[in-house]
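Scroll down for the structure; my scribbles are underneath it.
Numbering (our numbering), first residue to last: 1 to 550.
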């Protein structure tokens, strides 16, 4: 099968999803891997042949992708706008020191874990060796008894010690123990044993949402002395009559404790003023203003010129985090419908675009935490008082609006902001990891085919929600975090998977990997390392864009 044919077959299977399905034009929800799709792709036949070195690249790749996704895009030549940006300095020494510490601590932790694993395996090996000797003695006694009774099933009975995460160091009998004349049973036993040994070690299951503020990969939330100290610093800073927003950004860059995240996000987004005395009045006024919009506009959702907008919102809401029960509650979906419809009516330049629905969820979850202590994943919002629900809805609307104000060109006609950012990502990756860039070029993988979703949904489809919230802590603290810093996070995120990318040897394999990256068990540690790498890239390239512009 030719490379072009393989690509067409892949997009035919993946781009034209049924509207009601979880996987649609902007890709899979998390965890997005579709076994049936994967099996069909493998079953579909031969791997595509590598691109011929002398073969010119087709000039219609963008147009083909445009027609497949049925979105209106223009091919612009104004990519230099993003390349000419210059990052604002946010306490460079502080953040660089934090980035280097995170990477250094991560490396030390990995070395310590490897050492512990080695010691533990040695100890387990000694215990199992001794246990094996005892069991062999017992088996010899039993065998002697059977010989005396004339009931020996096989002249050869051997044992092999299998040490794997799943066998847990048990003594396993080899297939030579099977009765003579039963080759099928022996073969099936051997096959079952092989499958058991080949199973990967499964890390502990981590909730998608619960305890996001202090979640780590072990799934055990523990308030360390350092975290308690940081929480005290946040509380002291927020307790003053006028909050120092610059100092608050410094603290927030490395993550915000769950207890103070709602008020901190509202301050950093510009929704609340720094002056503590004015906050209650501002909150009351803005909440009343939002529900004034509801009374004024929401009934028009069934009008002819708003029907299409409301219909698309109504279709997309159930697709929003379908694996989290919280978002499948009717009352939550109604809140999301009102938020998105009012925003679309008040922003006619872009209107509603698929993907904006995802951007409500982090704000909603964080502001629910303002009223509850328990885990939010299965929380029944109907148990909250009506006033609390109204406050959560209004605050989510205004903070989402503040976010979208900075990236609205991502969603206007032809989505020029996303086009520029994808182009900038390609240029950046070509400089920081030429092997990855050339590998994708060789198999004709276009950055737009996977990075469009990264820009459109701010990596929300690639990461668990708890990781997205931790990521947004830094985005809120970083100047132009959602618009500019996100580019460097995407570059660091792509290069993070370089080993897996270079192992794939065809277009289909690369696309399946890039659209289904294995991040389900990520936690704060992985996100912190990603952000540290992203900051290093920004520090190297943002103030000198010609370094990555060929």
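Cβ atoms here follow ideal geometry from the backbone N, Cα and C, with glycine treated the same way.
All values derive from a computational prediction rather than experimental measurement.
Where does the unbroken alpha helix (DSSP H) through residue i begin, and where does it stop?
i           : result
residue 344 : 330–346
residue 483 : Unbroken run through residue 483: none, as it is neither H nor E.
residue 472 : 465–477
residue 555 : Examination of residue 555 is not possible in this model, given that the chain is present from 1 through 550 alone.
residue 234 : 225–239
residue 392 : 386–406
residue 528 : 524–541
residue 498 : 498–503
residue 246 : 245–252
residue 512 : 507–515
residue 364 : 361–368
residue 456 : 448–456
Out of the options, which one is the CA nearest neighbour of residue i?
i           : options               : result
residue 446 : 259, 276 and 515      : 515
residue 510 : 389, 441 and 412      : 441
residue 498 : 517, 485 and 481      : 517
residue 314 : 294, 324 and 340      : 340
residue 466 : 255, 507 and 436      : 255
residue 405 : 449, 345 and 483      : 483
residue 230 : 287, 245, 241 and 259 : 259
residue 416 : 456, 435, 432 and 385 : 456
residue 227 : 357, 251, 329 and 504 : 251
residue 301 : 448, 288, 289 and 334 : 334
residue 401 : 270, 248 and 288      : 270
residue 451 : 397, 502 and 513      : 513
residue 364 : 342, 344 and 397      : 397
residue 502 : 473, 434 and 536      : 434
residue 408 : 382, 370 and 359      : 359
residue 277 : 247, 242, 311 and 262 : 242
residue 296 : 282, 487, 311 and 342 : 342
residue 298 : 537, 336, 283 and 240 : 336
residue 537 : 523, 460 and 432      : 432
residue 379 : 449, 369 and 304      : 369
residue 352 : 282, 307 and 247      : 307
residue 403 : 356, 448, 523 and 384 : 356
residue 328 : 304, 289 and 382      : 382
residue 348 : 311, 305 and 448      : 305
residue 311 : 525, 289, 529 and 354 : 354
How would you label residue i, buried or exposed, when you count the other beta carbons within 10 angstroms and need 16 or more for buried?
i           : result
residue 421 : buried
residue 317 : buried
residue 142 : The pLDDT assigned to residue 142 is 49, lower than 50, so where the model puts this residue is not dependable, and the model offers no usable value.
residue 235 : exposed
residue 542 : buried
residue 481 : buried
residue 413 : exposed
residue 224 : exposed
residue 178 : Summary for residue 178: the model assigns pLDDT 37, below 50, so the residue's position carries little reliability, and this model does not support an answer.
residue 39  : At residue 39, the pLDDT of 46 sits below 50, so the modelled position is not reliable; the number obtained from the coordinates is stated separately. Looking at its Cβ environment, which holds fewer than 16 other Cβ atoms inside 10 Å, residue 39 is exposed.
residue 330 : exposed
residue 419 : buried
residue 535 : buried
residue 133 : Reliability fails at residue 133, whose pLDDT of 49 lies under 50, so the model's placement of it is uncertain and the value that follows must be treated cautiously. Looking at its Cβ environment, which holds fewer than 16 other Cβ atoms inside 10 Å, residue 133 is exposed.
residue 508 : buried
residue 322 : exposed
residue 473 : buried
residue 462 : buried
residue 249 : buried
residue 281 : exposed
residue 385 : exposed
Please report the Cβ distance between residue i and residue j, rounded to the nearest whole angstrom; I am assuming they are in contact, meaning their Cβ atoms lie under 8 angstroms.
i           : j           : result
residue 394 : residue 291 : 7 angstroms
residue 527 : residue 470 : 5 angstroms
residue 411 : residue 350 : 4 angstroms
residue 531 : residue 489 : 7 angstroms
residue 476 : residue 268 : 4 angstroms
residue 324 : residue 377 : 6 angstroms
residue 265 : residue 332 : Their Cβ separation, rounded to whole angstroms, is 19 angstroms, which puts residue 265 and residue 332 out of contact at 8 angstroms.
residue 492 : residue 425 : So it is not a contact: roughly 11 angstroms between Cβ atoms.
residue 429 : residue 437 : 5 angstroms
residue 253 : residue 478 : 7 angstroms
residue 294 : residue 338 : 6 angstroms
residue 361 : residue 309 : Residue 361 to residue 309, Cβ: 20 angstroms. No contact.
residue 245 : residue 274 : 6 angstroms
residue 391 : residue 261 : In fact, because the Cβ distance is near 16 angstroms, the residues do not count as touching under 8 angstroms.
residue 344 : residue 371 : Incorrect: roughly 27 angstroms between the Cβ atoms, too far for contact.
Quick one: complete alpha helix (DSSP H) runs, 4+ long, within the segment 268–317?
-> Runs found: 276–297 and 307–316.
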